[in-house]
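First comes the structure, then the notes that go with it.
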Amino acid sequence: MSININYMHLHISSNRLISDIQKEFNSAFPFLKLEFFNNRSFSRSNFSVSQLIPANKKIGDSQLAILDAEMEISEDMKVIDLEKMFKDKFKLAVQVFRKSGNLWLETTMTDNWTLLQQNNHGRELSTEKGNSDAVDDYDLSRDADH
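Residues in the sequence shown are numbered from 32 upward in steps of one, following the numbering used here.
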């Protein structure tokens, strides 16, 4: 992994743990989180907590064949483009979540924001609340039409 101010290189291979990929991404964007899902339809309306792939699994456990490749991720990349890159290059269903206090929120309403904008907004939301020791929670249904 190499990181500088504007770019990071993320190595994806079948034998890497999801947690290792998440940690590398999080080191560049501390208020964002990548989550991997067992969702072959890639439909946003079908993502659920029950489909989360545990972080202790290898990336190859979710797919039959994963290419070994580097991803170049820039802070000016839009969330939707990052998620699409995982889908197109690796056939992986990935969602970016933004920290908001002790919640991790899907970025579906702001997918056209850059990773830098998302990370900065997460910093603003999380430092205002002062809840850094609270248990993390996910809100996967906030955009649902119920």
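The C-beta atom is built at its ideal place from N, Cα and C for all residues, glycine as well.
Those residues which DSSP pairs with residue i across a bridge
{"i": "valine 110", "result": "Answer is none; valine 110 lacks a bridge partner."}
{"i": "isoleucine 43", "result": "Ala100"}
{"i": "threonine 145", "result": "Lys109"}
{"i": "leucine 48", "result": "Lys89"}
{"i": "alanine 124", "result": "Phe68"}
{"i": "leucine 83", "result": "Phe68"}
Integer-rounded CB distance, given that residue j should sit under 8 Å from residue i
{"i": "leucine 65", "j": "valine 127", "result": "6 Å"}
{"i": "leucine 48", "j": "leucine 146", "result": "So it is not a contact: roughly 22 Å between Cβ atoms."}
{"i": "isoleucine 43", "j": "isoleucine 97", "result": "7 Å"}
Top-ranked residue by Cα proximity to residue i, from the options
{"i": "arginine 154", "options": "Thr138, Arg129, Met102", "result": "Arg129"}
{"i": "aspartate 92", "options": "Asn46, Asn151, Val125, Asp142", "result": "Asn46"}
{"i": "alanine 100", "options": "Lys54, Glu106, Ile90", "result": "Ile90"}
{"i": "leucine 134", "options": "Lys122, Thr158, Asn143", "result": "Thr158"}
{"i": "proline 85", "options": "Ser50, Thr139, Thr141", "result": "Ser50"}
{"i": "asparagine 87", "options": "Thr139, Phe121, Lys54, Leu123", "result": "Lys54"}
{"i": "aspartate 142", "options": "Leu83, Ser81, Met108, Val80", "result": "Met108"}
{"i": "threonine 139", "options": "Lys122, Asn69, Lys115", "result": "Lys115"}
{"i": "lysine 118", "options": "Asn69, Asn37, Gln148, Tyr38", "result": "Asn69"}
CB contact flag (residue i, residue j, <7 Å)
{"i": "asparagine 150", "j": "phenylalanine 60", "result": "yes"}
{"i": "phenylalanine 67", "j": "valine 125", "result": "yes"}
{"i": "histidine 40", "j": "glutamate 103", "result": "yes"}
{"i": "leucine 156", "j": "serine 131", "result": "yes"}
Endpoints, the alpha helix (DSSP H) within which residue i is located
{"i": "phenylalanine 67", "result": "No alpha helix (DSSP H) holds phenylalanine 67; the beta strand (DSSP E) holding it covers 63–68."}
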